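**Q** Under my numbering, the residue at position 243 of the sequence shown is numbered 244, and the numbers go up by one with no gaps. Sharing a structure, written as structure tokens. Questions coming.
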Amino acid sequence: MQHYDYLIVGAGLFGSVFAYKAKEQGKKCLVIDRRQHLGGNLYCEDVEGIHVHKYGAHIFHTSNKKVWDFVNSIVEFNRYTNSPVANYKGKLYNLPFNMNTFYQMWGVTTPAEAQAKIDEQKAEAIARMKADGVTEPRNLEEQAQMLIGKDIYEKLIKGYTEKQWGRKCTDLPAFIIKRLPVRMVFDNNYFNDKYQGIPIGGYNVLIERLLEDVDVRLDCDFFANREELESLADKVVFTGAIDEYYGYRFGKLEYRTVRFETEILDMPNYQGNAVVNYTEREVPYTRVIEHKHFEMFGEDVYQSPKTVISKEYSSEWTEGSEPYYPVNDERNNALYQKYKELADKETNVIFGGRLAEYKYYDMHHIVEKALRLFES
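Written out as structure tokens, the structure reads:
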């Protein structure tokens, strides 16, 4: 039976980059995944010639040239720029909060007018808190209004956030919104990073090339055959849930999950944008993704006569559903710390990624962390 240097549990981005770099160093890796496809949550399905982000929209962005050069050495990325739109009761607003948003909200046309309006509403929020005898925001609602004022909070933050977290903003801790991007320029680019885009041909191309000439076993559950699988390699790279790795001995960590309703529509262009957020509480989904806009631009959109949209519904994680967002409140962070103390004592196990580290990571952070492990 073949012996490996590394058993990599999870064929997502962290595991795939690790396998690629290990292979470069002449190491033998076996990558396993309990799913029937590569790529973890990056996996795309080909529907009507459109790459559908099966587990939610993924937009690569970074200011780290080393990371950008690395991923582009695997597959060239396109020029997609994330410019989401918010729909509140049928009215559209640009995101992130910028001069376009302030014009749409208040009719102001200069940065000075916009700043004056924001300052006026922030002062009202602070005055309300003082009337209650407090100077520090007690919850997300007060924090958001201190940062941006009442109008933008009520129309563009409140409903969306309550749907995302399944709790009222007054019941959510203030630290969730420590700061809000406020730009006094007409710029709808959501990210401040220097580089962003989508792999040409979709994320499957990126993962398949990273795992070229690497042994892979899909539909393979680590926990069902743990002893046998661990015996195949000198070290384990674990990218799954850390509490599951330790048999939930201290209890289960909590997550938020997302459910998707995906439809094929008999039209070439449904909403004219990849991402439209629905910010009112009464609309049950948080946003609608139109997948073709990640890779088709301008007139190319009309080369494909159909389109695919996904409505996203946020909910509490339950057994059997996909864990997406760690609930990094005090209780869960304290619980994770207990598991991390066990992990830190391991000599032959590397824990990496969102589930193994109980932390929300953007993709560039994952790539950066994996690459750093191979720096001499």
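Quick reminder that beta carbons are idealized off the backbone N, C-alpha and C, glycines included. These figures come from a predicted structure and were not determined experimentally.
Identify, in the order they occur along the chain, each residue of the same chain with its Cβ nearer than 7 Å to the Cβ of E369, setting aside the five sequence neighbours on each side.
**A** The sequence position of residue 369 within the sequence shown is 368, counting from 1. Around E369: N65, V68.
**Q** Between the beta-carbon of V217 and the beta-carbon of A12, is there less than 8 Å?
**A** Here residue 217 refers to the residue found at position 216 of the sequence shown. Here residue 12 refers to the residue found at position 11 of the sequence shown. Yes; because the gap between Cβ atoms is below 8 Å, this pair is in contact.
**Q** Put F61 into one of helix, strand or coil per three-state DSSP.
**A** Taking the sequence shown and counting its residues from 1, one reaches residue 61 at position 60. Strand at F61.
**Q** Quick one: does G13 have its CB under 8 Å from some CB of chain C?
**A** Among the chains of the structure shown, chain C does not appear; only one protein chain is present.
**Q** I177: which of R168, W107, L212 sits nearest, CA to CA?
**A** Residue 177 sits at position 176 when you count from the first residue of the sequence shown. Nearest of R168, W107, L212 to I177, Cα basis: R168.
**Q** Can you tell which of D267, G353, A371, S311 has the C-alpha that lies nearest to the C-alpha of V277?
**A** Looking up residue 277 in the sequence shown gives position 276. Nearest option by C-alpha distance: S311.
**Q** Can you look up K360 in the DSSP assignment and give me helix, strand or coil?
**A** Within the sequence shown, the letter at position 359 stands for residue 360. Three-state DSSP puts K360 in coil, outside helix and strand.
**Q** Just the C-alpha distance for D172 and A275, rounded to the nearest angstrom, thanks.
**A** On the sequence shown, position 171 is the one that residue 172 refers to. On the sequence shown, position 274 is the one that residue 275 refers to. Taking the straight line joining both Cα atoms gives about 31 Å.
**Q** Pull up the DSSP beta-bridge partners for V186, would you.
**A** As a first step, residue 186 is located in the sequence shown; it is residue number 185 there, counting from the start. The partner list for V186 (beta bridge, DSSP) is empty, contrary to what the question assumes.
**Q** Keeping to the same chain, check which residues put their C-beta closer than 6 Å to that of D301; ignore five residues upstream and five downstream.
**A** By 1-based counting over the sequence shown, the position of residue 301 is 300. Closer than 6 Å at Cβ, skipping near neighbours: no residue.
**Q** For the putative contact between K236 and N349, defined by C-beta atoms under 8 Å, what is the C-beta separation to the nearest angstrom?
**A** Taking the sequence shown and counting its residues from 1, the one referred to as residue 236 is at position 235. Taking the sequence shown and counting its residues from 1, the one referred to as residue 349 is at position 348. Confirmed, Cβ separation roughly 5 Å.
**Q** Please look up how many angstroms separate the CB atoms of F61 and P182, rounded, as I've assumed it's under 8 Å.
**A** Stepping through the sequence shown from its first residue, residue 61 is reached at position 60. Stepping through the sequence shown from its first residue, residue 182 is reached at position 181. About 19 Å separates the two Cβ atoms, so there is no contact after all.
**Q** Would you kindly check if the distance between the Cβ of G203 and the Cβ of R80 is under 8 Å?
**A** As a position in the sequence shown, residue 80 is number 79, starting the count at 1. As a position in the sequence shown, residue 203 is number 202, starting the count at 1. Not in contact: R80 and G203 (Cβ atoms no closer than 8 Å).
**Q** First and last residue of the alpha helix (DSSP H) that includes I149?
**A** As a position in the sequence shown, residue 149 is number 148, starting the count at 1. That run of the alpha helix (DSSP H) goes 141-149.
**Q** Buried or exposed for A132, please, with buried defined as at least 16 other CB atoms from any protein chain shown within 10 angstroms of its CB.
**A** Position 131 of the sequence shown, counted from the first residue, corresponds to residue 132. When all chains shown are included, A132 counts as exposed.
**Q** If distances are taken between C-alpha atoms only, which option among P138, N101, A117 comes closest to I127?
**A** As a working note, residue 127 is residue 126 in the sequence shown. Of P138, N101, A117, the residue nearest in Cα terms is P138.
**Q** Answer yes or no: do E385 and Y56 have a C-beta to C-beta separation smaller than 8 Å?
**A** Nothing about residue 385 can be reported from this structure: the residues present for the chain run from 2 to 377 only.
**Q** Given that a residue counts as buried once 16 or more other Cβ atoms are within 10 Å of its Cβ, and exposed if not, what is V186?
**A** Counting from 1 along the sequence shown, the entry for residue 186 is found at position 185. V186 is exposed by the Cβ-count criterion.
**Q** Out of curiosity, what's the CA-to-CA distance linking Q146 and Y326?
**A** Numbered from its first residue, the sequence shown carries residue 146 at position 145. Numbered from its first residue, the sequence shown carries residue 326 at position 325. In a straight line, the C-alpha of Q146 is about 25 Å away from that of Y326.
**Q** According to the Cβ coordinates, are Y314 and R257 closer than 8 Å?
**A** Locating residue 314 in the sequence shown gives position 313, where the first residue counts as 1. Locating residue 257 in the sequence shown gives position 256, where the first residue counts as 1. The answer is no: Cβ separation not under 8 Å.
**Q** At the level of alpha carbons, what is the spacing between V18 and Q37?
**A** Working through the sequence shown from its first residue, we reach residue 18 at position 17. Working through the sequence shown from its first residue, we reach residue 37 at position 36. Answer to the nearest angstrom: the Cα atoms are 19 Å apart.
**Q** When DSSP builds the beta bridges, which residues end up paired with V18?
**A** Within the sequence shown, the letter at position 17 stands for residue 18. Answer is none; V18 lacks a bridge partner.
**Q** Between the beta-carbon of V109 and the beta-carbon of K123, is there less than 8 Å?
**A** Mapped onto the sequence shown, residue 109 falls at position 108. Mapped onto the sequence shown, residue 123 falls at position 122. Cβ atoms of V109 and K123: not closer than 8 Å.
**Q** Kindly indicate which three-state DSSP category S232 falls into: helix, strand or coil?
**A** By 1-based counting over the sequence shown, the position of residue 232 is 231. S232: coil per DSSP, three-state reduction.
**Q** Rounded to whole angstroms, what is the Cα-Cα separation between L233 and D222?
**A** The residue you call residue 233 lines up with position 232 of the sequence shown. The residue you call residue 222 lines up with position 221 of the sequence shown. Those two C-alpha atoms are separated by around 15 Å.
**Q** Sort out for me which residues DSSP pairs D81 with in a bridge.
**A** Position 80 of the sequence shown, counting from 1, holds the residue named residue 81. The amino acid occupying residue 81 in the given sequence is Tyr; Asp does not appear at that position. None, per the DSSP bridge assignment.
**Q** Which term fits M268, buried or exposed, when burial requires 16 or more other beta carbons within 10 angstroms of its beta carbon?
**A** On the sequence shown, position 267 is the one that residue 268 refers to. So M268 ends up on the exposed side.
**Q** List the residues that DSSP assigns as beta-bridge partners of L31.
**A** What you label residue 31 is simply residue 30 of the sequence shown in a count that begins at 1. Looking at the DSSP assignment, L31 forms a beta bridge with L8, D216.
**Q** Do the segment 24-42 and the segment 153-167 make contact, defined as three or more Cβ pairs closer than 8 Å?
**A** Taking 8 Å as the limit for Cβ pairs, the verdict is that the segment 153-167 does not touch the segment 24-42.
**Q** List the endpoints of the continuous alpha helix (DSSP H) containing D244.
**A** Your numbering for residue 244 matches position 243 in the sequence shown. Taken as a continuous stretch (DSSP letters only), the alpha helix (DSSP H) holding D244 covers 243-246.
**Q** How about V32 and F239: are their beta carbons less than 8 Å apart?
**A** As a position in the sequence shown, residue 32 is number 31, starting the count at 1. As a position in the sequence shown, residue 239 is number 238, starting the count at 1. Their beta carbons are not under 8 Å apart, which means V32 does not touch F239 by this criterion.
**Q** Which same chain residues, not among the five before or five after T63, have their C-beta less than 6 Å away from its C-beta?
**A** Residue 63 sits at position 62 when you count from the first residue of the sequence shown. Result list for T63: W69, D194, Y196, H365, in chain order.
**Q** N226 to T319, Cα distance in whole Å?
**A** Sequence index remark: in the sequence shown, residue 226 carries index 225 (1-based). Sequence index remark: in the sequence shown, residue 319 carries index 318 (1-based). So the alpha carbons of these two residues sit roughly 24 Å apart.
**Q** Would A23 pass as a contact of L211 if the rule is Cβ separation under 8 Å?
**A** Start at 1 with the first residue of the sequence shown, and residue 23 comes out as number 22. Start at 1 with the first residue of the sequence shown, and residue 211 comes out as number 210. Their beta carbons are not under 8 Å apart, which means A23 does not touch L211 by this criterion.
**Q** Give me whichever residues DSSP pairs with K312 in a beta bridge.
**A** Stepping through the sequence shown from its first residue, residue 312 is reached at position 311. In the DSSP output, where bridge partners are listed per residue, K312 has E262, V289.
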